[in-house]
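Numbering (this note's numbering), first residue to last: 576 to 1076.
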Amino acid sequence: MTQQHHRIAIVGTGFSGLGMAIRLRQEGEQDFVLLERAGEIGGTWRDNTYPGCRCDVPSHLYSFSFAPNPNWSSTFSPQSEILDYLRDCAERFGVMPHVRLHTEVEGAAWDDDEQLWRIETSRGPLTANFLVAAQGPLSEPSLPEVPGIESFEGTAFHSAQWDHDHDLAGERVAVVGTGASAIQFVPEIQPEVGSLHVFQRSAPWVIPHRNRPLKRWERTIYRLFPPAQRAMRAAIYWARESFVFQFRHRSVGKLLERIPLGHLRHQVKDPELRRKLTPGYAMGCKRILPTDEWYPALTKPNVEVVTEGIREIRPHSVVAADGSEREVDTLIFGTGFHVTDVPIADRITGRDGRTLADVWAGSMQAYKGTTVAGYPNLFFLVGPNTGLGHTSIVFMIESQVAYVLDALRTMRRRGARTLEVREDAQSAYNAELDRMTNDTVWVSGGCTSYYIDRNGHNSALWPTFTWPFRRRLSEFDAAAYALGTRAPAAADELERAVAAV
Ligand SMILES: Cc1cc2nc3c(=O)[nH]c(=O)nc-3n(C[C@H](O)[C@H](O)[C@H](O)COP(=O)(O)OP(=O)(O)OC[C@H]3O[C@@H](n4cnc5c(N)ncnc54)[C@H](O)[C@@H]3O)c2cc1C
């Protein structure tokens, strides 16, 4: 059987993978495949089905610029609508025939002789000239390292793997974590559970939520007059760019902290609970969370906020650091994802046979978040230092996709078969990122966050406004790359054989 070969293999079918595929099709590229380990497309919005799940960046901006949706039901759409939107885009732009479901990428190794990627998947091997890693920044659920966690005999699940068959009515439930997911699902389950113990490591900064249903006349205007929706998108974009000032200037952040502190004072009257819920670090150091329901839920008589930390999990209980023990039936982990230690790094092997995880040693690094020295013809989407604390990641994805397309065009023009970013270009870029990160709230705000890796380095976040990122990626900068024109070994041999005849 001949091995399957494609010009381009894309890992993942979230916003990144689908965005890449749609734009490739629009450029006339037909020979590409999307490899998706799950049984459906959609990434984040397929996996996170917990009650109350919705985006926290307005939908007019958290969507593709080339596919505005006039039909969002609310300003911040629920998970099911975003998933429907992605399905619709995949169908409408003709991407579905390229999708291979239930196909997990288990390994990808660069073959320097043949100048292609040898990809191992759960459904067999294939090869590709280019590999696009769009496996997602928040796609691998992370569980805390707590002694005894595996001994728990009740029901336990992560928020990204919600067990909808399990009935929480009247149960004793412990929620571990108070991040972006927990603040959405806790208010939803609070009325139905018997008791709820919320284990909080550090209190999040919580701001009032501006979510509201979109009126029928608004939707009609957006449908009949698309420039109105584009104008709204632009207004939201620039309003959110202004949030960057608080991350980069402590005095601005300090001033703005009055908003969430007022929100807390207004919604929580009990001084002891308010003390527990007052963050002990600078606003913005961790993701700022918009919600009007979180604090009211925590004031309910069946809810307890535990700030002592977890010492141990036993078969039917959770033991806090102070030795107090709470009997529980169900444990729900709202403990986030493997962000700076992405599993795909263990699976991608470069020109010299080393995995990315090996080379990165805990601190991911790329050039423009997209290419990595020693890994020819590999493009990351939402790669190192492209995460955001203030606006839509789709903006970053579209910037990267445009850069990849321009790289492919340049290669075609110059007759190049391979592309590899130069080591010095990558180092200079990352040194600049480090300088931009210095003094920002993410490193000086006094918190531990998923933006910072195990070496204490910012390898996840883009540390400033997003428009400079777009500007930097607006054109493929061939000078930062080695473009190879050498024919693959097999072609060489064939040519020699033909010449000999
Ligand atoms: C609950 C939640 C809410 C969020 N809200 C926002 C928001 O409001 N605004 C915002 O900007 N961002 C938000 N995010 C971040 C979100 O992850 C990104 O916005 C975006 O969805 C990322 O898209 P992606 O395609 O890069 O990754 P994903 O959507 O994670 O897609 C990656 C895909 O790759 C697949 N995959 C992974 N590994 C493999 C493998 N080895 N082989 C094959 N397939 C693989 C996965 O199954 C998945 O389908 C949120 C995240 C979560 C979890």
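Yeah, the Cβ is synthetic: ideal placement off N, Cα and C, and Gly gets one too.
Just so we're clear, the structure is a prediction, and the values are computed from it rather than from any experiment.
task: Alpha carbon to alpha carbon, how far is Ala803 from Asn644? Give it in angstroms, no decimals.
output: One C-alpha to the other measures close to 12 Å.
- prompt: Whole alpha helix (DSSP H) runs in the region 923-996 with 4 or more residues, listed along the chain?
  reply: 931-935 and 968-989
Rounded straight-line distance, which links the Cα of Thr624 to that of Thr702: Each residue's Cα considered, the two are about 34 Å apart.
- prompt: Alpha carbon to alpha carbon, what distance is there between Ile585 and Glu763?
  reply: 36 Å
- request: Please find out if some non-hydrogen atom of ligand 1 comes closer than 7 Å to the beta-carbon of Leu864.
  value: Not so, every heavy atom of ligand 1 lies at least 7 Å from the Cβ.
- request: Please confirm whether any heavy atom of ligand 1 lies closer than 7 Å to the CB of Ser967.
  value: yes
- prompt: Of the choices Thr1012, Ser717 and Arg886, whose alpha-carbon is the least far from that of Gly723?
  reply: Arg886
Candidates Lys851, Phe908 and Leu610: closest to Tyr870 by CA position: Lys851
field: C-alpha gap between Thr945 and Asp740, whole angstroms
entry: Taking C-alpha positions only, Thr945 is separated from Asp740 by approximately 40 Å.
task: With DSSP collapsed to three states, give me the class of Phe1051.
output: It is coil, neither helix nor strand.
message: Could you check if Thr650 belongs to the surroundings of ligand 1, using beta carbon to heavy atom distance under 7 Å?
response: No, ligand 1 has no heavy atom inside 7 Å of this Cβ.
query: In chain order, what residues of the same chain lie with their CB nearer than 8 Å to the CB of Asp1028, ignoring the 5 residues before and after it?
result: Thr915, Asp916, Gly937, Ser938, Met939, Ser1034 and Ala1035
- prompt: How long is the line joining the alpha carbons of Gly754 and Gly990, rounded to whole angstroms?
  reply: For the pair Gly754 and Gly990, the Cα-to-Cα distance works out to about 49 Å.
- prompt: When burial is assigned at 16 or more other CB atoms within 10 Å of the CB, is Ala896 buried or exposed?
  reply: exposed
message: So the candidates are Lys861, Phe955 and Arg1045; which of them puts its Cα closest to the Cα of Trp780?
response: Checked all of Lys861, Phe955 and Arg1045; the closest Cα to Trp780 is Lys861.
message: Looking at the secondary structure, which residues open and close the beta strand (DSSP E) in which Thr905 lies?
response: Thr905 to Phe908
field: Beta-carbon proximity list for Ala1057, same chain, < 7 Å, skipping 5 on both sides
entry: Glu995 and Arg997
message: One question on the structure: do Thr910 and Pro633 come within less than 8 Å of each other, judged by their Cβ atoms?
response: no
- request: For Tyr856, I'd like the list of residues in its chain whose CB is within less than 8 Å of its CB, leaving aside the five on either flank, ordered along the chain.
  value: Listed in chain order, the non-local C-beta contacts of Tyr856 below 8 Å within the same chain comprise Ser777, Gly1020, Gly1021 and Cys1022, local neighbours out to five positions each way being set aside.
field: Proximity winner among Asn952, Asp659 and Gly962, relative to Leu980 (alpha-carbon distances)
entry: Asn952
query: Beta carbon of Thr588: closer than 7 Å to some heavy atom of ligand 1?
result: Result yes, Cβ under 7 Å from ligand 1.
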